[in-house]
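Quick note: the sequence shown uses my numbering, first residue 9, plus one each step.
Beta carbons: idealized from backbone N, C-alpha and C, even for Gly.
Worksheet: one structure, shown below.
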Amino acid sequence: MRVMTAELPDPHTPRLLVCDVLYTGMGGAQSPGGVVVVGGTVAATGAPEALRQAYPHARAEVVGGVIAPPPVNAHTHLDMSAYQFQALPYFQWIPKVVIAGRHQRGLSAALAGAGTLSQLGVGAVGDIVWSPEVMDALLAREDLQGVLYFEVLSPLPERADEVFRAARTQIEAWRAKERPHGPRVGVSPHTPYTVSHRLMRLLVEYAAGEGLPVQIHVAEHPSEPELFRTGGGPLWEGRMPSLYPRTFAEIVGRDPEPDLTPVRYLDELGVLGARPTLIHLVNVTTDDIARVARAGCPVVTCPRSNHHLECGVFPWSAFAAAGVEIALGTDSVASGGTLDVRDDVAFARTLYPGLDPRVLVRAAVKGGHRVLGTTMPFIRRGEVWREEYLWGAGRA
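Structure representation (structure tokens):
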């Protein structure tokens, strides 16, 4: 009796993978696009019709979605990975999620989050690290690359020198543990209103002198520009009084003004001259965008997080028109929902219906690598083909 078996495809038969968006890492993305793979190696990339003509015997596979190097999660908080996601207005989310769930924050959550990123095959990560034990653990991982930004927060100007000395001592000890191709150490002065003007300058000047990458949360919620205009409002009223001086002016070293914004404040303080990466920048003015562009600061936007917390919509087109480098991040699981930047790319498609999806894909890949200073793989002739280059149909 003869047993019939299905014929397996010849592994050396060329495959033509056809997708909606192709980004090889070089130049701009194209739509539609195609990649020819022969025996596990990339043979060619380009327009599907041209590839069909050049490789008439290739087995065509319409994979849809995106083919690109793995995306970069340029801003997240891995130590919050055990939190339950909740979409709430900003001033409800902080007490009901962040504060109520603070017992879930720490090392085990960070390790779980790092494991998730590893499973996702993330290209690199920009993680905000609050705890020294988390920094020690993440620095030792061999499956992550990117930057671990040590977060510093202290609004009291009289404590600036003390806090700076302690942070510098820790950072220098961690830098001695950096490994080739492993994560680097950076610094994150939390926000313009939770870090005193003196401490902000000390940290940024130190980082610039040492070549340390910097991330700062700026203009996330509409109440932040209000605080700089008036010295009050819900952001100030909701503060923890024991941690703050008597007035907002003591923190920033100047009086609020009708035209003062967080971005203008950082610029006039000299911070933007060090070209830190600015996170969020949802609630900004035309002048703010011009200042960021002139300084050459890159920006990371977190579309799902900003939407879930009702912070507003990042003005992508205005920043892009000004020539600002844009990257994508998920923020924490608590506000973003997942650690997969591809979910933010898909969400951004609905948030910016007039924006070319090729721009979003490039930002998620090249924008992220430029922000973090990491090396990006290219999909080009002679390179090994990796299945993680398939982002999946329906994501973008």
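Exposed or buried, which one is residue i when buried takes at least 16 other CB atoms within 10 Å?
i, result
"Lys185", "exposed"
"Gly121", "buried"
"Lys374", "buried"
"Glu228", "buried"
"Ile107", "exposed"
"Glu232", "buried"
"Thr202", "buried"
Tell me the rounded alpha-carbon separation between residue i and residue j.
i, j, result
"Ser448", "Pro163", "There is no way to answer for residue 448, as the model of the chain reaches only from 9 to 404."
"Val341", "Ala68", "38 Å"
"Leu398", "Asp135", "25 Å"
"Ala371", "Pro197", "24 Å"
"Thr199", "Gly190", "27 Å"
"Glu166", "Val260", "12 Å"
"Arg389", "Ala62", "14 Å"
"Val353", "Arg254", "42 Å"
"Ile179", "Gly194", "8 Å"
"Ile334", "Gly400", "23 Å"
"Gly402", "Tyr252", "Residue confidence is low: Gly402 scores 43 on pLDDT, short of 50, so the model does not pin down where it sits. No coordinate-derived value is stated."
"Arg283", "Glu391", "34 Å"
"Pro5", "Ser89", "What is shown of the chain runs 9 to 404, which leaves residue 5 out entirely."
"Pro103", "Val43", "49 Å"
Determine whether the beta carbon atoms of residue i and residue j lie at a separation below 7 Å.
i, j, result
"Val307", "Pro270", "no"
"Val26", "Val70", "yes"
"Pro97", "Glu265", "no"
"Val379", "Ala82", "yes"
"Arg113", "Asp87", "yes"
"Trp138", "Glu159", "yes"
"Asp351", "Cys310", "no"
"Cys305", "Leu289", "no"
"Asn291", "Pro230", "yes"
"Arg312", "Gly345", "yes"
"Val332", "Val367", "no"
"Leu119", "Glu141", "no"
Practice item. Would you mind listing the alpha helix (DSSP H) stretches within the stretch 143-209 that are 4+ residues and don't spill past its ends, in chain order? Key: 168-183
Exercise for review: For the stretch 75-82 and the stretch 31-50, state whether three or more C-beta atom pairs, one from each stretch, are separated by less than 8 Å.
Suggested key: yes
**Study point:** beta strand (DSSP E) segments (min. 3 residues) lying fully within the stretch 311-358
**Key:** 334-336
Check your understanding: Does the stretch 206-218 touch the stretch 272-288, meaning 3 or more C-beta pairs lie closer than 8 Å?
Key -> yes
**Study point:** Length at least 4, wholly inside the stretch 251-312: the alpha helix (DSSP H) runs in chain order
**Key:** 256-260, 270-277, 294-303
Review point. In the stretch 34-106, which residue ranges form an unbroken alpha helix (DSSP H) of at least 4 residues, counting only runs that do not cross its ends?
Key: 56-62, 98-101
Exercise for review: Could you tell me whether the stretch 122-131 touches the stretch 321-332, using the rule of 3 or more Cβ pairs below 8 Å?
Suggested key: no
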